[in-house]
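Heads up, the thing below is written out as structure tokens.
2 protein chains.
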Amino acid sequence: MSRKTPVKPARAKQKRLSADDRRSEFVTRATELFAEEGFGGGTRALARKLGVTQPLLYRYFPSKDDLIKEVYRRVYLGPLEPGWDKLLSDRSRPLRPRLQDFYQTYTDAIFTRKWLRIYLYSGLKGLDINRWYVGMVKDKILTRIIRECRHEAGLAVSKPSAAELELAWVFHGGIFYYGVRKYIYDAPVLEDKAQMISDALDIFLAGFERIAENAADRRRAPVKVAG
Amino acid sequence: MSRKTPVKPARAKQKRLSADDRRSEFVTRATELFAEEGFGGGTRALARKLGVTQPLLYRYFPSKDDLIKEVYRRVYLGPLEPGWDKLLSDRSRPLRPRLQDFYQTYTDAIFTRKWLRIYLYSGLKGLDINRWYVGMVKDKILTRIIRECRHEAGLAVSKPSAAELELAWVFHGGIFYYGVRKYIYDAPVLEDKAQMISDALDIFLAGFERIAENAADRRRAPVKVAG
DNA sequence: ATCTCTGGTGATCACTCGATAAACTGGCTC
DNA sequence: GAGCCAGTTTATCGAGTGATCACCAGAGAT
Numbered sequence: 003m004s005r006k007t008p009v010k011p012a013r014a015k016q017k018r019l020s021a022d023d024r025r026s027e028f029v030t031r032a033t034e035l036f037a038e039e040g041f042g043g044g045t046r047a048l049a050r051k052l053g054v055t056q057p058l059l060y061r062y063f064p065s066k067d068d069l070i071k072e073v074y075r076r077v078y079l080g081p082l083e084p085g086w087d088k089l090l091s092d093r094s095r096p097l098r099p100r101l102q103d104f105y106q107t108y109t110d111a112i113f114t115r116k117w118l119r120i121y122l123y124s125g126l127k128g129l130d131i132n133r134w135y136v137g138m139v140k141d142k143i144l145t146r147i148i149r150e151c152r153h154e155a156g157l158a159v160s161k162p163s164a165a166e167l168e169l170a171w172v173f174h175g176g177i178f179y180y181g182v183r184k185y186i187y188d189a190p191v192l193e194d195k196a197q198m199i200s201d202a203l204d205i206f207l208a209g210f211e212r213i214a215e216n217a218a219d220r221r222r223a224p225v226k227v228a229g
Numbered sequence: 003m004s005r006k007t008p009v010k011p012a013r014a015k016q017k018r019l020s021a022d023d024r025r026s027e028f029v030t031r032a033t034e035l036f037a038e039e040g041f042g043g044g045t046r047a048l049a050r051k052l053g054v055t056q057p058l059l060y061r062y063f064p065s066k067d068d069l070i071k072e073v074y075r076r077v078y079l080g081p082l083e084p085g086w087d088k089l090l091s092d093r094s095r096p097l098r099p100r101l102q103d104f105y106q107t108y109t110d111a112i113f114t115r116k117w118l119r120i121y122l123y124s125g126l127k128g129l130d131i132n133r134w135y136v137g138m139v140k141d142k143i144l145t146r147i148i149r150e151c152r153h154e155a156g157l158a159v160s161k162p163s164a165a166e167l168e169l170a171w172v173f174h175g176g177i178f179y180y181g182v183r184k185y186i187y188d189a190p191v192l193e194d195k196a197q198m199i200s201d202a203l204d205i206f207l208a209g210f211e212r213i214a215e216n217a218a219d220r221r222r223a224p225v226k227v228a229g
């Protein structure tokens, strides 16, 4: 109490951050704001969240749109982990636990209120980055899953057919929609996410196996086209 | 050209609609506008779509919020068909074609750009009507599906367990997400919707059967809990 | 032909939005 | 301590928002 302390006096209002820190803080709080309010959220509301004034934003971003782009970059690229493809394709392990592990970590990464809401808002705006992400899911996840499933079923591993890809999308979308229900709709869901994934996998793998058998049968003895 | 025509001269600017027609037109075009722009879409842009001036809106709706509520009512209640529960529960037909028919007509009703976008926007706003709709899907569709599946599998038909409901949600969400990919993300999807539904059903039913068998096994000879 | 009722318009208010320019300030070097 | 400089604020602009008011106009009844 008595010392006049040349050390920082625990200033009531933290100000004068370094440029990098301030810029980063803008992106962080903007993500929160836009996740809740959509990208119509105001720059003044954002500044209030940081405890600064609104024009300060324009020292760090030329326009609100640039800030939004930065938010996209961080949200989309942030949780992206490079080990996922390895996890899916590692044939030294049985396929089922591979898929279980993958969807466990994948949903751990994206099942947050912030991520899902930003994702849907960007999807509704039809932005390129959203298209890019969807393509990434298809190429890096779904085609890989199909390939592994075909391998497991003893089928030739070629490019997945459109129908197979759709199958994988429906499966993937079913799991994804769990997150939407929980974090967007705030609807009650089965609390045990791991069980949900496990059950979804049971159904998908059992179903895929049956389909694969049928496909194999059809290849051996093609049935006539309905008509 | 020469006749002074007391008949309506095919007026260039249609004006002076009846109150009911004008009000209805406001809701229709507002649905289009809000589907594209979100509910931030402006009242002036709306009026422009009708070819009238903006203050006219306030002859028919006390506020923009009331207009939005009317949009919700029409969008959510419009495609709701009362025959759905009958379709699902009609045990004179095999379960699979029942489900195929149901999802065919259900997705015919809601897989439009307008419906899906309005639905997601309202979901992001966390409105009561969205919660109501989700509850309706659960009660009127999913529990019924589970009940019929249990009946088909020769299991006792009681209240569906939380895990079973989740199963149905994942299945339903997978199909729903097809619409999201097609109409929200504008992503390429398997064009044949009926086949997508058919394949999803194949997988779901085959999977459910297997799960049901396991559940029956477990009831006969309970396995020890993993530990 | 005139009156009246009602669908529709023009002008405008108070407010919020994104963005800009100029002034201020606190810590740093010389 | 003088002076600079980067981080921050104050004041403000122009455009766009939802909403209100007084007014207009045209078809139907008398």
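Chains as they are written, first to last, in my numbering: chain V, 3 to 229; chain B, 3 to 229. Note that CB positions come from ideal geometry on N, CA and C, so glycine has one too.
Using a beta-carbon distance cut-off of less than 7 Å, what residues from the region 194-207 of chain V approach chain B?
Answer in chain order: 197, 198, 201, 202, 204, 205, 206.
Report the start-end ranges of each alpha helix (DSSP H) in the region 27-57 of chain B that is 4 residues or longer and not cut off at the edges.
Counting only runs of 4 or more, we get 45-52.
Check for me: the alpha helix (DSSP H) holding residue 76 of chain V runs from which residue to which?
Following the DSSP letters along the chain, one finds residue 76 of chain V inside the alpha helix (DSSP H) bounded by residues 66-79.
Rounded C-beta distance between residue 176 of chain V and residue 113 of chain B? I'm assuming under 8 Å.
Taking the Cβ atoms as the reference, residue 176 of chain V lies roughly 16 Å from residue 113 of chain B, outside the contact range of under 8 Å.
If you count every other CB in all the chains shown that lies within 10 Å of the CB of residue 201 of chain V, and 16 or more means buried, which is it?
Under a 10 Å Cβ-count criterion, residue 201 of chain V is classified as buried, with 16 or more other Cβ atoms of the shown protein chains found around its own Cβ.
Quick one: residues in its chain with C-beta nearer than 6 Å to the C-beta of residue 119 of chain B, no 5 flanking neighbours on either side, listed in chain order?
Cβ within range, chain order: 37.
Answer with buried or exposed for residue 132 of chain B, where buried requires no fewer than 16 other C-beta atoms within 10 angstroms of its C-beta.
With 16 or more Cβ atoms within 10 Å of its Cβ, residue 132 of chain B is classed as buried.
At a CB-CB cut-off below 9 Å, which residues of chain V make contact with residue 180 of chain B?
Chain V residues near residue 180 of chain B: 168, 171, 172, 175.
Which residues in chain B have a C-beta closer than 9 Å to the C-beta of residue 188 of chain V? List them in chain order.
Neighbours of residue 188 of chain V on chain B, chain order: 128, 133.
Specify the secondary structure class of residue 124 of chain V as computed by DSSP and reduced to three states.
In the structure shown, residue 124 of chain V sits in a helix (DSSP, three-state: H, G or I).
On a Cα-Cα basis, can you pick out the residue from V/76, V/58, V/21, V/60 that is closest to residue 34 of chain V?
Per the Cα distances, V/76.
Just to confirm my understanding: we take residue 49 of chain B, look at its own chain, exclude 5 residues before and 5 after, and list those with CB closer than 7 Å. What are they?
The beta carbon of residue 49 of chain B is closer than 7 Å to those of 55, 56, 58, 59 in its chain, skipping five residues each way along the sequence.
I'd like to know whether the C-beta atoms of residue 1 of chain V and residue 94 of chain V end up nearer to each other than 9 Å.
This structure cannot speak to residue 1 of chain V, because chain V is shown only from 3 to 229.
Based on Cα-Cα distance, which residue from B/156, B/192, B/186, B/181 lies nearest to residue 215 of chain B?
Proximity to residue 215 of chain B across B/156, B/192, B/186, B/181 peaks at B/156, based on C-alpha coordinates.
Is it the case that the region 177-196 of chain B contacts the region 176-185 of chain V, given that we only count it when at least three CB pairs across the two stretches are under 8 Å?
Contact annotation: the region 176-185 of chain V touches the region 177-196 of chain B, with at least three C-beta pairs closer than 8 Å.
I'd like to know if residue 122 of chain B contacts chain V, where contact means its C-beta is closer than 9 Å to some C-beta of that chain.
The beta carbon of residue 122 of chain B falls within 9 Å of a beta carbon belonging to chain V, placing the residue at that interface.
Is it right to say residue 171 of chain V is buried, meaning 16 or more other beta carbons lie within 10 angstroms of its own, or is it exposed?
Result: buried.
Alpha carbon to alpha carbon, what distance is there between residue 104 of chain B and residue 111 of chain B?
Roughly 11 Å between the two C-alpha positions.
Output the boundary residues of the alpha helix (DSSP H) element that contains residue 99 of chain V.
For residue 99 of chain V, the enclosing alpha helix (DSSP H) has its first and last residue at 97-112.
Against chain V, with Cβ distances strictly below 9 Å, would residue 192 of chain B count as a contact?
Chain V contact via Cβ: present.
Between residue 192 of chain B and residue 168 of chain V, how many whole angstroms is the CB-CB distance? I'm expecting something under 8 Å.
Right, their Cβ atoms sit about 4 Å apart.
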